[in-house]
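Novice: Structure in structure tokens, see below.
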Amino acid sequence: MSPSFLRSSSSSNHYNNLLNLFYKARELGRPIEATLSVSILKACTDISMCERVHSLALKTGYVDSDVYLRNSFINHYMKHGRIKTARHMFDTSPHLDTASWNTMIVGYVKSHRLEDAQKLFKQMPSKNCISFTTMIMGFAQNGCPNEALVNFQEMHASGVNPNEVTLASVISACSQLRLIQTGRMVHALAMKNGLKAFLLVSTNLVHLYSVCSAVSDAESIFFRMPEKNIVTWNVMLNGYSKGGLLDLAEDLFRRMPFRDLVSWATMVDGFIKSDKLGEALITYREMLRVGLRPNEVTVVDLVSACSRCFAFQEGRQFHAMIIKVRLDCFVFMQSAIIHFYSMCSEFDLANLQFDLSDKDHVSNWNTMLGGYVRHGMVSSARQIFEQMLNKDVISWSTLITGYVQNGHFYSALELFREMQSKGFEPNEITMVSVVSALANSGTLDQGDWIYNYITENLIPLSDNLSAGLIDMYAKCGSISRALSLFNQVKERVTSISPWNAIVCGLAMHGHADMSLKIFFELERMKNKQGIKPNSITFIGVLSACCHSGLVESGRWYFEQMKSVYDIEPNVKHYGCMVDLLGRAGHLKEAERLIEGMPMEADVVIWGTMLAACRTHGDVEVGERAAENLARLEPRHGAGMAMWDDMSVVRKEMYSGRLKKLPGCSGFVGGDKFSFVSERGKLIPGSPSPCNP
């Protein structure tokens, strides 16, 4: 009975036959090669078989003398989760080679024990490509991209050449970190080493450039690839979809040689993200017609899209389908349905679904709570809140936010104190809401208290929280502290909100020069930090001009909004300009501005116009403003009162009892000349000497 015959039997994977032959060979005193034990080991289907083979192999003495056999046992124990046994064999082995170390490291990585893998990796006397690649791939696949890049740098410094799996994993790490420049260097290395042609490397490069918004680079690689699989097509499709390039996505989708569920789901998701519910539904129905069924994620996305678009009928159809295919047992699906009905203001149905849902999960309670808050039904929200047995920080934050949004600032602060007393740690949303409540109702002392609370509890100053604190200090009367806080955070913020808070705060306090100075500073830093002014920024800038009477500056900034920053002025910007022009007495220009608005002027604008006309005694324009104000809001008491006052002013002007006449004056040759209006004509008055 030759060992070669024994080995050939392993190809049939008949474990029992192999084991019987093994016993027979031992009884006959025939020599058994170590490779036979490996062959039998490969035929093992469970850990008990492995242990029996291990026991027999120990009696032959091959386990201690044959490194290959020992490595095979280590690998088998690792695959079956017997990590301690594998590690014991590794630690007690008289002979270890690089494969032994790699086997243990691979086992640790596959078991998601990256820390143990890294420790063993650092102890390796000699590392090869497999060693480095295993660690790099493990970190990249488990959400540790920085560690993956560190290991790659060590590999490069050690002079070990990467393979295609190494570079594909490094590119994946770059994608997670959005490091396009590092990715380009890896791309160049792949070309230098002749590894770009590998499908995995090219596919990951397409993904890298797509997620870094370099779609043209992704296209360049994709369309030149000699070979593509379904993953490659889906990666390019996802790049178009995520980039909002739906026309290109549709074209690529139609050209795909075959499509899987991911392809269809990507198109549906792309339409949903672009608020094109109609196209999403059409694509979804096409997917059903070709025999594919959506997964839970796609269904939740569709229900959420119906929520955002208030598509009640379509959402109900999805609800029926969810029940039919029994997806309503998932908690996240229950929450999505409750959210849908509450968004559509169908609270009877939302409550019904809530009653049918799993009450053991706080997410369903929070969804119902959020629905009430979103519609300003804070009393109903409080009732749900009081019924909750297991509240979390989201529960507390949602109700606190609801109180703030509906003007119940003191209730919000009381609830926050209760939250503290119950031992809950607030999150960013909680603190932003509390700071907003103090900005609208608090004192400077309370503002200092909340700021100290944030710093003492090491709560990170996010952009939104920084903006809230700046706004709070400004509204509590301490613009100096608002400015000091802004100067502390301005170098590290990544959004426009803190800049908006200080620009608007300074404008509110009448510090127009400082407000505009900070706006200019923002202009200088926008290339460095990538922060650009938005519509709120210009409300602050125009308000600053308004409070300081900077008419020309206001006109210039208003024009710059559209021509330079591509920001369409909204009704608030027009309101600022009407106020600015009205205060300066440019009533005709203000009226022309209102007439040229792309949207209808609101009560605030006409009220501002009417007040300016009253101040400057322009009855004609004032009457038109009052008529428009009365038309928009007939019951607007203040407008009617001002209109009545204008009638009195008009009578006084015509009766001659009102001495102030509209006119203008100027200087000629050192003398001042006045001109007054008489029935629409300018009549020169008497000159008066100019006293320098």
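Be aware that the sequence shown starts at 1, since it is given in the UniProt record's numbering, and climbs by one per residue. Virtual Cβ for every residue (Gly too), placed ideally from N, Cα, C. These numbers were taken from a predicted model, which means no experiment stands behind them.
At the level of alpha carbons, what is the spacing between residue 725 and Val268?
Specialist: The requested residue 725 is not part of the displayed model; the chain covers only 1 to 692.
Novice: So, with DSSP's three-state summary, where would you put Tyr108?
Specialist: Tyr108: helix per DSSP, three-state reduction.
Novice: Ignore the nearest five residues each way along the sequence and tell me which others in Ser462's own chain have a CB closer than 6 Å to its CB.
Specialist: Glu428.
Novice: Could you tell me the distance, in whole angstroms, from the CA atom of Gly183 to the CA atom of Leu205?
Specialist: Their Cα atoms are separated by approximately 8 Å.
Novice: In the DSSP assignment, find the unbroken alpha helix (DSSP H) run with Tyr341 in it and report its ends.
Specialist: Segment 331 to 343, the alpha helix (DSSP H) holding Tyr341.
Novice: Can you tell me which of the three DSSP states Asp392 falls into?
Specialist: In the structure shown, Asp392 sits in coil (DSSP, three-state: anything other than H, G, I, E or B).
Novice: Using a Cβ-Cβ cut-off of 8 Å (strictly less than) and excluding sequence neighbours within five positions of Val373, which residues of its own chain qualify?
Specialist: Same-chain partners within the cutoff: Ala381, Thr398, Leu399, Thr401, Gly402, Gln405.
Novice: Tell me whether Arg70 is buried or exposed, calling it buried when 16 or more other Cβ atoms sit within 10 Å of its Cβ.
Specialist: Buried is the call here.
Novice: Starting from Leu120, follow the alpha helix (DSSP H) in both directions and report where the run begins and ends.
Specialist: 114 to 123 is the extent of the alpha helix (DSSP H) around Leu120.
Novice: Going by beta carbon distance, what residues of the same chain come within less than 6 Å of Asn628, once the five residues before and after it are set aside?
Specialist: Once the five neighbours on either side are set aside, the close Cβ partners of Asn628 are Trp606.
Novice: Apply the 10 Å Cβ neighbour rule to Val290 and answer buried if 16 or more other Cβ atoms are within range, or exposed otherwise.
Specialist: Classification for Val290: exposed.
Novice: Taking one C-beta from the region 92 to 100 and one from the region 108 to 119 each time, how about it: are there three or more such pairs within less than 8 Å?
Specialist: The region 92 to 100, when compared against the region 108 to 119, does not touch it at the 8 Å Cβ threshold.
Novice: Expressed to the nearest angstrom, what Euclidean distance is found between the alpha-carbon atoms of Leu580 and His573?
Specialist: Looking at the two C-alpha atoms, the distance is approximately 11 Å.
Novice: With distances taken Cα to Cα, identify the nearest neighbour of Ser484 among Leu506, Trp101, Arg259, His88.
Specialist: It is Leu506 whose Cα lies nearest to the Cα of Ser484.
Novice: Check this for me: beta carbons of Cys576 and Leu542, under 8 Å apart or not?
Specialist: Cβ distance < 8 Å, so Cys576 and Leu542 count as in contact.
Novice: Taking 8 Å as the CB-CB cut-off, is Gly407 touching chain C?
Specialist: In the structure shown, chain C does not exist; there is a single protein chain.
Novice: How long is the line joining the alpha carbons of Phe222 and Leu149, rounded to whole angstroms?
Specialist: Using only the alpha carbons, I get a separation of about 25 Å.
Novice: Exposed or buried, which one is Phe520 when buried takes at least 16 other CB atoms within 10 Å?
Specialist: Under this definition Phe520 is an exposed residue.
Novice: Could you please give the first and the last residue of the uninterrupted alpha helix (DSSP H) stretch that includes Lys475?
Specialist: Unbroken alpha helix (DSSP H) run through Lys475: 463 to 475.
Novice: Rounded to a whole number of angstroms, what is the C-alpha to C-alpha distance between Ile180 and Leu208?
Specialist: Roughly 7 Å between the two C-alpha positions.
Novice: Take Gly270 as the anchor and find which of Glu250, His88, Ser478 has the nearest alpha-carbon.
Specialist: When each option's Cα is compared against that of Gly270, the closest is Glu250.
Novice: Which of the three DSSP states, helix, strand or coil, is assigned to Arg326?
Specialist: If DSSP states are grouped into helix, strand and coil, Arg326 belongs with coil.
Novice: For the alpha helix (DSSP H) holding Cys309, just list the boundary residues, first then last.
Specialist: Start and end: 296 to 309.
Novice: Going straight from the alpha carbon of Lys422 to that of Leu413, what length do you get?
Specialist: Cα-Cα distance, rounded: 14 Å.
Novice: Pick helix, strand or coil for His375, following the three-state DSSP scheme.
Specialist: Three-state result, His375: coil.
Novice: Can you check whether the CB of Thr134 is closer than 8 Å to the CB of Val106?
Specialist: Contact flag set, yes.
Novice: Could you have a look at Val262 and say whether DSSP puts it in helix, strand or coil?
Specialist: Helix at Val262.
Novice: Could you check whether Leu246 and Ser213 sit closer than 8 Å to each other, using their CB atoms as the reference points?
Specialist: Result no, Cβ atoms of Ser213 and Leu246 do not sit closer than 8 Å.
Novice: Give the range of the alpha helix (DSSP H) segment to which Cys504 is assigned.
Specialist: Taken as a continuous stretch (DSSP letters only), the alpha helix (DSSP H) holding Cys504 covers 497 to 508.
Novice: From the DSSP output, in three-state form, read off Thr283 for me.
Specialist: Thr283: helix per DSSP, three-state reduction.
Novice: Write down the C-beta distance between Asn440 and Phe409 rounded to the nearest angstrom, noting that I regard them as a contact closer than 8 Å.
Specialist: With a Cβ gap of about 5 Å, Asn440 and Phe409 count as contacting.
Novice: Sorted by chain position, which residues of the same chain lie with C-beta nearer than 8 Å to Phe310's C-beta, five sequence neighbours on each side aside?
Specialist: Excluding residues within five positions, the ones whose Cβ falls inside 8 Å are Met343, Cys344.
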